[in-house]
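Here the structure comes first, spelled out in structure tokens, and everything after it is commentary.
Residue numbers (mature numbering (1 follows the signal peptide of the UniProt record, and there is no 0)): -18 to -1, 1 to 193.
Written out as structure tokens, the structure reads:
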């Protein structure tokens, strides 16, 4: 048959007995997408036959069936959703970071100390190129003056842009990253013969646009 049934066998410390939950021995995980097909002998099997087989040969279901009546024929736990925090910060992470700092909580503690004692054994190093672990800034852009919100350099570098062309009117290059950093590596395509280069780092920059 086309439908694939995922079975998880749970072994208890006591001898297994044929009984309903809580003495479960067979579990159906995330049932759904039932289709008509054929069994191993080539006989036709309907999607309802598949559902009936699952219910009759399992003690517990993680997930649920589309028809409420089917769920009432078995022990359906329902769907379970895990809550997680993204390492590449979004609205939720920014809000939690702000609340944590207000209460004197180290935001790093919410990530199981990944910066202190986590070893990353990447099979393919390119998997992490677009994450904060690879030190790639989240946003890079430049402004035309001190009141300008800025142009976002979203293309893949190297960029064909003169980011310092408006320095006389207060324009500047800006780099945004969700994690603290103490150094910045710049590669210039060309250099001026004279002049100076200045930088300004704001230690606690948390500009959040409220929805």
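In this text, a Cβ means the ideal position worked out from N, Cα and C, and glycines have one as well.
Since this is a predicted model, take the numbers as computed values, not measurements.
Cβ neighbours of residue 75 within its own chain (closer than 8 Å, five residues either side excluded): 67, 68, 160. In the displayed model, residue 59 falls within coil according to three-state DSSP, outside both helix and strand. According to DSSP, residue pairing for residue 150 in a beta bridge does not occur. The beta-bridge partner set that DSSP reports for residue 123 consists of 134, 156. Collapsing the DSSP output to three states places residue 82 in a helix. Burial check for residue 165: the Cβ neighbour count within 10 Å stays below 16, so the residue is exposed. For residue 157, the closest C-alpha among the options 151, 51, 168, 40 is that of 168.
Residue pairing for residue 48: DSSP places it in no beta bridge. Between residue 53 and residue 47, the C-beta spacing is below 8 Å. Assignment of beta-bridge partners to residue 26 by DSSP yields 20. The Cβ atoms of residue 121 and residue 134 lie closer than 8 Å to each other. A Cβ-Cβ contact shorter than 8 Å links residue 43 with residue 59. When DSSP states are grouped into helix, strand and coil, residue 32 belongs to the helix group.
Within its own chain, the residues whose Cβ lies closer than 6 Å to the Cβ of residue 18, once the five positions on either side in sequence are excluded, are 28, 29, listed in chain order. Within the same chain, 89 come within 6 Å of residue 79 by CB-CB distance, once the 5 residues on both sides are set aside.
With respect to the 8 Å criterion, residue 37 and residue 56 are classified as neighbours on the basis of their beta carbons.
Within the same chain, Cβ atoms closer than 6 Å to the Cβ of residue 154 are found at 125, the five residues on either side in sequence being excluded.
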